[in-house]
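Just so we're aligned, residue 209 is where the sequence shown starts under the numbering used here, counting upward by one.
Ideal placement from N, C-alpha and C gives every residue a C-beta, glycine not left out.
Here's the structure we're looking at; comments come further down.
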Amino acid sequence: MKVYQKHTFAGNFIIMFTPRGLTTKARGSPFTPSSTQSKRISNLFTPQSRRPSLSQFTGGRSQISANRSQSSQLLDDSSLHRVDNYGVSLPVLITEALTLADRSTEITVCFDPSGWAWMVGGRKLFVWRYKPTVTTRGVQCKELMLPSSDLAHSAERVCIIPNIGDSQMASCVAVSPEGVVRYWPNIAYESSTAEISAELKGEECACVVNFEPFGVLLATTTSSLILLLTAPGQNTISCQPLKSSQGMFAGIGRRMSSFIFGASPLQTTGATLQALVPGFVDEDSRPFFVLSGTVLQKWEISEECPEKLLYQVDIGRLFRDALARKVWNQDSVQMAQLRTWLLDMKITRNGVMILGCGVNLESTSVVHYAVALLSTSESEPASSLDMFTVLDNTEHYQEEHENYFLGYHLLVPDINSLVAYIYDKHNIFIVSVSESNPTDTIELPSGDQLLGAGNSDKTAVFFSNSRGLFCVSSSAKTEQSILDESDQAALARTEVSSLVTSHSKVAEMSVSDDRYTRLKAAFINSLSGHLQDAQTAVENLFPSLCDESEAHTDMDELVVALSVDLIDDYPTSDPRWAESLRQDAAFSSSLIIQQQLRDKEKAHDYLISFLKKLDLWDRLCGVVMRETVMSTRLFLCEHAEKLQAAIALRELHSEHAAVIDNCIQAVLETERDAQIPSGLTPQDVFYREVSRISEIVSALIDYEVDRLSSDLPPRQRVILVSITNNILEGVLSSALQYRQCKAAVFQSEADELSDFEYIPWTSSGGSKGIRTLISKQFNITLESGVPEAKNVEGRGVLFEQVLRMADLLLDGYSCQLESLRQNPEKSEQYRQLNKKYEQERSKLISPLLDYEQYERAASLAEKYFDFNALIQICEVTNNEERLQRYITQFADRGFSKFLFDWYMKEGKRGRLLCQPGIQSEELQTFLNSDNNKYLSWLHDINSDNYLGAHETLMQLQEEETTFLAKKKTLLSLCKLAALAVDNYDIDLTDNIEVTNDALNLVLHQEQVPPDVFRNIGVNPENMRVFSPKELIELYIGDENHSANEYHFKIALDLLHYVDKDDPSSNYDQLKIHIWTRAILRDNWSQMSTSDPMESNRQTVFFKMVDLAHSEGEAIGEILPDVNVLLASEELGPLRDNANFQFLLKAGYEHIQRILS
């Protein structure tokens, strides 16, 4: 019985597929060891008392966007295996879909080794890249709509077909359970689809599988097979049922052919489908295998023969016989109660590996699991199993829980290895099929479950609903060489065999006085199995105690020099290079240019492995390049990218030989001033110096401009522009794709502390920089290509090329910005570059909008977050659904606020206030800002929040001082909102009184005589808000020539709006001022004193007293003391006038007598 290594883990993460027949109920492991086993338990993943949060597993990872990818974070490490996070962080759309999905919605996820992943929930299909990329400043995700169905959709019925030339593009095939096929030629354009019916005739689709280059395989639950045929770049798809009948009677129905000739053994079984796996492409054909019930079928599709069922094997019988012998030591024929099941199948190098189980109901109810290997490499079916391994894990059989122990799946990440992973929703078991190593068990915590499994880069990858994507890999390490077995075999056959076999020459290099030569010797030793010698040499060359605090060191320069020598190496076996060949060592032994470049690519990969294995990688700093200091690791990546660019150019050479040959000749003559040795061609000389491959770009554009300046017909002009674009795109896109896919390879933990600016060589500036040249070609295409293209197809090709060039340019800015963003000291440089980037982004996307290429413009705008362009597209196309998707997709990037600002800027306030309820909270936050608060109350009214509207309007009216009419309107609305509040627990009486007082104040201002406003130069129809003090002056001042007792009484009333407790208001002085101004309205010195009462009745002062008394005012409170009045300096000489004093005092006596 094998010993177990068990781990449990808790955390947060997510990927593919829901295992068949399993429930979501948490349960124990069916691989329960027997009581005689000794169990080793690891606490590496044991949940602690405080469960880790999502941020602990996502926020702590290295984030790579522009020029770095996300690094792997170690989650568990044992003596047998290690578990790491895998891929980039999940897109916001994915996490939200998982979070918001209700329990009844089945969510399934799949992923492809090429880097694409997809998730299905309801009718929604989300597609994103899970492998690290460097072009996006955020993870890209596309949302597509699946065909309608009465049954639940599954990710297993969706197939992503990667675009070989562009890692950011892919096509997609999705099939509903009923057989409706929907095809997207490019997922970037979700509205461009083709849809047909697969004509399943009542059967249910089980899965679809990528079967390039012949199409996509569709299998039903009853093992019927259909080949879906697509045309790259075209919006068409067709179905071809696969039939096994052959020969002259192929058209006769199954019943008739069986009647005449007997039942044919080569037929689809009609049994339940267990697995469908494609084989390996072999020249012009490709096989695939179907596990149906107990039968294994091998099919083949080729260019000559559409489909052919080669043979079928009763694998169920072979498995049954082997299990009976291994477990019970009996013949299966004698075991009537032996039941067996085949569960899953995976491909290996020489055949298939099958997982199955069985139980003998006559003896014990113990379910035994086993893995079988069957060779399928021969043309005839195998009669026996190559290997049969019974696992030490068992389960108790219960018929009512049959789906429980049949719900296990098989995973073989490396076809050359016999390590298998067996898993269900809650457990992962790692077993070695051929060795007696202990089984390593990883158990998920309660509440977590696996949603999928697969392989990527020969690594087992899993996806759980709380942790997400993680990988399980072997902890074993190669100690003798930096190469694995397959690389060592390849090394011995081709590429660098001269370096490994010439040991005496390497020994001589190892003792050289030249440090570079010694470094090269160490590198060669690491390849040839002398790893210890290489380690010693490196330690002597670069002691760990040396000062590496500088931006660049001698070690960086030596490593870069070695890398340059590798990619610019001479081919050793080509006799034409004999005179130029250096005698120490060379890394390419091929005579063919294409293979020479491939040899250099492999040698450069070995160099990176050497630097990492010997602990030099993390010690690398920077080198001076293009007038700036650049990370050495990224400079090494640049060399690898240039190799890919050279390979791509060579692959395009035959198709565009005339153009490329002319450009190569121009480069050699003008840039390199190269002399071509006798017997060599310009191609030989040009492709040797890979480090200067970028020189071809300038030559291409110069050649194009020169030809366009001649008298070319319009059609030839379009072809010339298209060819130039095609070559540039092929060369630069291959470099960009490599940078994206290999970002993790060229990263280091030290990158997090790096303050180097990163400008990719594909974005270099200057007159002959790639960024400048591609911008020039972008404009040439729009000015000289598009106007001359008269047909839709020709224009479509040019627009697609324009899209790719814009993508290249913006990616370079994105990488550069990301490197600056990480350095706070370069914030001003970042700000300036970001401004330039935004301008360039708008300049690149605008032409696509002008030509109504909305889908292409949207793909760029989505990738580089040009929200202005996205909003314009939605507005022009009137696509509200797309707009809402962007709001969700870019929620973490402030899309909603940008949208609201855009509406305000464009004067579309109605659109702003009509946002769906889901945006209510964000809209409220936006409207509560100082600049937009005047619209907030409208949103509150629309949301039935009358209290909020009242409070906002109250604040707005208090702040309004510019327009009286506006203040009056705000006050009226404020009062109405208060009256509409139906919450009886809130008393707004005081607020309403305050509002009424404010309305009265407005009324007082409106009642100021128009002549007064004209006298002070104010338009009564458009006047500002006057303060109470200002209103008093308007009523009693000199400008009011017709002022009477009513005006002065209003002035007294306005004193109610002046705070008497505020010392700065001078309340008492203001009241004296009003009465004094009333006195000065009359000529007291000319009045008769014979009848003082009659004289007083004619004065404004006493008329105002009489008016106040008639209105019920407390005269004693509003009328100042006579002595105070007589002391007012404002009266001037009048206060000393005896006639005035007599009349005033007489009037006061009369008032006191009446009041008493």
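In terms of residue numbering, what span does the beta strand (DSSP E) encompassing residue i cover?
i: K405; result: It is Ser, not Lys, that sits at residue 405 in the sequence shown. That run of the beta strand (DSSP E) goes A402 to S405.
i: F334; result: K332 to R337
i: D1074; result: Looking at the DSSP string, D1074 is not in any beta strand (DSSP E), and its letter there is neither H nor E.
i: F596; result: M595 to H604
i: Q415; result: Residue identity differs from the one stated: residue 415 is Cys in this sequence, not Gln. Counting along the chain, the beta strand (DSSP E) containing C415 begins and ends at C413 to N418.
i: Q482; result: L481 to P486
Answer yes or no: do residue i and residue j have a C-beta to C-beta separation smaller than 8 Å?
i: Y946; j: Q852; result: yes
i: Y1062; j: T1085; result: yes
i: T401; j: C413; result: no
i: L599; j: A580; result: no
i: L1187; j: Q1165; result: no
i: W825; j: S681; result: no
i: W326; j: F334; result: yes
i: Q1009; j: E937; result: yes
i: T548; j: D522; result: no
i: S1104; j: C1023; result: no
i: S592; j: D776; result: no
i: A943; j: K850; result: yes
i: Y631; j: L619; result: yes
i: N601; j: T647; result: yes
i: A1354; j: N1304; result: yes
i: K976; j: S906; result: yes
i: V1368; j: L659; result: Nothing in the structure corresponds to residue 1368, since the chain is present only between 209 and 1364.
i: E1036; j: L1017; result: no
What are the boundary residues of the alpha helix (DSSP H) that includes residue i?
i: D1391; result: This structure gives no information on residue 1391, because the portion of the chain shown stretches from 209 to 1364.
i: D773; result: D762 to I775
i: K1237; result: P1236 to I1244
i: A745; result: L739 to L749
i: W324; result: Element bounds for W324: not the alpha helix (DSSP H) but the beta strand (DSSP E), W324 to G329.
Of the choices the options, whose alpha-carbon is the least far from that of residue i?
i: Y397; options: L352, D358 and V521; result: L352
i: V939; options: I901, R925 and V953; result: I901
i: K202; options: T1203, G662, H576 and K1174; result: It is not possible to answer for residue 202, since the shown part of the chain is limited to 209 through 1364.
i: V1226; options: L1211, L1242 and A1206; result: L1242
i: N371; options: E420, A997 and T649; result: E420
i: M561; options: S625, K821, L437 and H604; result: S625
i: H861; options: Y911, Y895 and H576; result: Y895
i: G662; options: S585, Y294, S839 and S399; result: Y294
i: I904; options: E1046, I1081, D869 and R1232; result: D869
i: D320; options: V417, E407, Q1092 and D552; result: V417
i: R1361; options: F1348, L1342, I1323 and N1347; result: I1323
i: L1327; options: V485, L433 and K1257; result: K1257
Taking 8 Å as the CB-CB cut-off, is residue i touching chain B?
i: E859; result: Included in the structure is just one protein chain, with no chain B present.
State buried or exposed for residue i, treating a residue as buried only when at least 16 other CB atoms are found within 10 Å of its CB.
i: F986; result: buried
i: P299; result: buried
i: Q1040; result: exposed
i: D1190; result: exposed
i: L308; result: exposed
i: E687; result: With a pLDDT of only 46 at E687, under the threshold of 50, the placement of this residue in the model should not be trusted; the figure read from the coordinates follows. It counts as exposed.
i: G267; result: Note on G267: pLDDT 31, under 50, position unreliable in the model; the coordinate value appears next. The residue is exposed, with fewer than 16 neighbouring Cβ atoms inside 10 Å.
i: D1246; result: exposed
i: L569; result: exposed
i: C513; result: exposed
i: L437; result: exposed
i: P621; result: buried
Say whether the region 881-893 touches the region 920-936, bearing in mind that this needs 3 or more beta-carbon pairs closer than 8 Å, one atom from each stretch.
-> no
Counting pairs of Cβ atoms below 8 Å between the region 374-387 and the region 414-432, do you hit three or more?
-> yes
Given 8 Å as the limit, is there contact between the region 1235-1255 and the region 1304-1317, that is, 3 or more CB pairs closer than that?
-> At 8 Å Cβ cutoff, the stretches touch.
At a cut of 8 Å, does the region 580-590 reach the region 508-525 through at least three beta carbon pairs?
-> Two segments are said to touch when three or more pairs of C-beta atoms, one from each, lie closer than 8 Å; by this definition the region 580-590 touches the region 508-525.
Does the region 1030-1050 come close enough to the region 993-1002 that 3 or more CB-CB pairs lie under 8 Å?
-> no
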